[in-house]
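Chains as they are written, first to last, in the working numbering: chain B, 616 to 960; chain S, 328 to 700. Take a look at the structure below.
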C-alpha cells in the first residue's frame, strides 16, 4: 500500500479501459455484482426489492435472471432481519451482500452490524468470521422524501471491526465493491446516490479490485490539499479546476475508505502543501472530517501553515428538499475556504 | 361470519411432576440407556452450575448466568443434535455446549472474561454465547439459509428465553423461517422470568408457542422438566428440519431455579413459595425418582456418579484457573484478518505499556498516544 501505488491507481482513472462502454456508477455497481457472483458461488445477494424489481435504483437488475432466486433473494421487509441473516450466512462461509434500500433505514440493522458483524471474528478469536457487505445508497441532492438524504457514515466509522468504503466514480465503484466483497471482514459500502448517474466512465469488466484502506489522489498539486469522499468529490474537483485558473494548484484526495483511514497519504499530502480543507456532506460535529483534522493537529502541526478548514453540512437535521440545496456544501464554499486558508499567512 | 383460520398448540408431557408416566411411553424410553445418559448429563450440568456460582462468589469468575432449571431442555436437545447441526445459543446453554464437545474449562474461561472461551475448535460452526437478547434468532435463520442454499441436510437449533419472545428479532426470525421454510428449530426456555419481569408481563398470549401461528409455522408446548416429552418434541422437529420440512417453535416450560445471574437477587421480586413449588417439579429429581422406581438407578449409582462428576469438574476448574491470561496484543489480533497500520501502532503501544516500558517510545506518534490513553 505505498503512496506511489495510491497515486497511480487514482491518476490512471479513465485511461486504461479499452473499448469498454462508458457507464454510470449504478451500472458499474451492477457490473461488479455480476462479476462477483460469476466468480464465486458463495456470493449471495439479499434485500428488499433486489430480485424481481432489480433494486429501486436498479443496482441489482438482471442478477436474479442470471443467478436464480437461491442467490438473489427478495427478503421480507425488515432491515434488522436482513442484517441478522447476513451475519448468520457469513458465519457459514457465504459472502452475503445485503442491500439496505436507503441509509435512512439502516438504523434497525445497527445492532447486528455493531454488536455482531463487527465483533464475530474478535470474540471467537478467529474461529468464525463475518465476510459480509452491506450496501446502502446515502446522501442528499436528489430531492428525495424525508429520511432518504442523510449522510451518517461517521456512525459506522466509529465502530472497531468495521470497514466503511465510499466510491466516488464508476471505476472506483466497480473496483472497490469487488474489493469489499472479497474482503474477509464486514464492509459497509455506502453509495453516494447523487452521483449514481451523473457521470459516465469507461469501466473494464476485468475483475480487478482496487485497494481498500487506501486514499486515491485524484489530482496532484502543491498549494493545498483538498480531502473529500463520496458525492462531494464532484464539487471538490470543480473547485480545484476553477482555482487552477487563478494559479492555485490543489491536490485532491478521495479518502474512499473512511475507516480505517489511510493516514499516510493524507499526512504526506499535507506535508507537501502545508494547507488543508476537508469537504464532506455530513454534519461537521463528530464527523470523519473531525478525525482527519485531529490527525493533522497531532501529527502534522509543524507542516501546517494555516488552520485546517472544514466545509461540511450544518449540524442540523437534514432538511426536507425545499431547503436541501441550502444545506449542501457548494463549490463556492470550497473555493472560499481554500482562499481563506491560503490567505492566513 | 366464517372462521378462516383456527390454530392449535399441542402440549407434550409423559412424566408428570410426581414422576408418574401419564401416557404410553415411546419405545426408546422403555429401556434405560438413553434416560440414564440424560440423567447423568443433567447431574454434571447442575454440579457445574453450583461450582461456577461458587467461583463467582469467591472472585474467581465474572458475572455468570445460571442454568439451574433448564438442564432437561439443554441436555436432551444437545444430545439429539448431530455434529453437523449448528447450535445458536443464548447465554444459558452451558450444558449444550458441553455435550457439543466444549471442555468445561473453556466454558469457565468464557465466563471468566476471556474470549478464548468462544474459540474452542470443538465448537465447530456453533455460534458463541449471545448476550443481546433474541438477536441470535436471526443469526440462526442466516445459518439455516446457508444450509438451505447449499442443499445440506442439517438443522440449526436456536435457543432463547421467554423475554426474547417480546423482541422484534424473534418475530422477524419466525416470519422469515416460515416464508423460506428454513431448517431451524427455535426452542424457548420459558423459565417464567426475564430478570425480574414475570412471563405474565411479556405477553397476554396463553402460550408462547402460539407466536408460531402468526408466522405460519408449527408451534408446540412441552413440559421442559420432562426429558421424555422433550425428546419426542425436539427429535421430530430436528428431523423435519433436516428433511427440508420447515421450522418449528418449541416452548419448553421450565422454571428459573436461580437468580438471573450472579449479579441479581431474585428475593427482591420473587416469592419464596413459588420457588419452593418449582423445586418440586424440577427435571433432575423428576427423572431420578422415575429411574429409582424402575430399578435402573440405585443409591450407589448416585453416589458414584456424583463423586465422578465432582472429580471431573474439579479438574476443569483447575485447568481454567491455571490458564494464563491472553497477551495484551490479543485485543488487536482478531479485529480484522489484516490489521490496519494505525492499529499496528496502537498494538505496539499497548504491548510496550504492558511490558512496563515507557509509552513515549519513538514508535508512538502523538495521535496514537492520545487515542490509546
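For each residue, glycine too, the CB sits at the ideal point set by N, CA and C.
- One finds 465, 468, 495, 496, 499, 500, 502, 503 in chain S with Cβ atoms closer than 9 Å to the Cβ of residue 696 of chain B, taken in chain order.
- In this chain, residue 658 of chain S is not harboured by any beta strand (DSSP E); it is covered by the alpha helix (DSSP H) spanning 657 to 660.
- Within the same chain, Cβ atoms closer than 7 Å to the Cβ of residue 761 of chain B are found at 935, the five residues on either side in sequence being excluded.
- Bridge pairing for residue 831 of chain B: B:869 [DSSP].
- For residue 672 of chain B, there is no enclosing alpha helix (DSSP H), as DSSP marks it with neither H nor E.
- Taken in chain order, the members of the segment 700 to 720 of chain B whose beta-carbon sits within less than 7 Å of a beta-carbon on chain S are 700, 701, 702, 703, 704, 706, 707, 709.
- Proximity of residue 552 of chain S to chain B, defined by a Cβ-Cβ separation below 8 Å, is not satisfied.
- Annotation: the continuous alpha helix (DSSP H) that includes residue 462 of chain S extends over 462 to 476.
- Taking every protein chain shown into account, the CB of residue 950 of chain B has 16 or more other CB atoms within 10 angstroms, so this residue is buried.
- Secondary structure at residue 547 of chain S: strand, using DSSP grouped into helix, strand and coil.
- Excluding its 5 nearest sequence neighbours in each direction, residue 692 of chain B has C-beta neighbours in its own chain below 8 Å: 663, listed in chain order.
- Boundaries for residue 906 of chain B: no beta strand (DSSP E) harbours it, while the alpha helix (DSSP H) harbouring it runs 903 to 914, taken from the DSSP string.
- By the Cβ neighbour-count rule, residue 355 of chain S is exposed, with fewer than 16 other Cβ atoms within 10 Å of its own.
- Secondary-structure assignment with DSSP links residue 846 of chain B through no beta bridge to anything.
- Contact between residue 468 of chain S and residue 503 of chain S holds: CB atoms are separated by about 5 Å, below the 8 Å threshold.
- Closest by C-alpha distance to residue 490 of chain S, out of S:441, S:461, S:471, is S:461.
- Contact annotation, residue 581 of chain S with residue 389 of chain S: C-beta distance approximately 25 Å; criterion of less than 8 Å not satisfied.
- Distance from the CA of residue 709 of chain B to the CA of residue 748 of chain B, rounded to the nearest whole angstrom, comes to 11 Å.
- Under the Cβ criterion of 8 Å, residue 445 of chain S is counted among the residues facing chain B.
- Residue 775 of chain B places its beta carbon less than 8 Å from that of residue 733 of chain B.
- Taking residue 433 of chain S as the centre and dropping the five residues before and after it, the same chain places the C-beta of 444, 447 closer than 7 Å to its C-beta, in chain order.
- Scanning the segment 633 to 680 of chain S for uninterrupted beta strand (DSSP E) segments of 3 residues or longer gives nothing; none is fully contained.
- Against chain S, the beta carbon of residue 773 of chain B has no neighbour under 9 Å; the closest one sits roughly 12 Å away.
- By alpha-carbon distance to residue 702 of chain B, the top candidate from S:418, S:455, S:426, S:363 is S:455.
- Nearest CB-CB separation between residue 662 of chain S and chain B: below the 8 Å threshold.
- Taken through DSSP and simplified to helix, strand or coil, residue 526 of chain S comes out as helix.
- The three-state secondary structure of residue 785 of chain B, taken from DSSP, is helix.
- By the C-beta criterion, the segment 624 to 640 of chain S is judged not to be in contact with the segment 413 to 426 of chain S, since fewer than 3 inter-stretch pairs fall below 8 Å.
- Here residue 339 of chain S carries a strand assignment [DSSP, helix/strand/coil].
- Its Cα nearest to that of residue 347 of chain S, the residue S:608 stands out among S:669, S:652, S:608.
- B:746 is the residue among B:686, B:746, B:645, B:722 whose C-alpha sits nearest the C-alpha of residue 802 of chain B.
- Neighbours of residue 410 of chain S across chain B, judged by C-beta separation under 8 Å, do not exist; the nearest C-beta is about 15 Å away.
- Check the Cα spacing between residue 563 of chain S and each of S:552, S:575, S:554: the tightest is with S:575.
- Selection B:780, B:658, B:937, B:635 evaluated against residue 684 of chain B yields B:658 as nearest (Cα-Cα).
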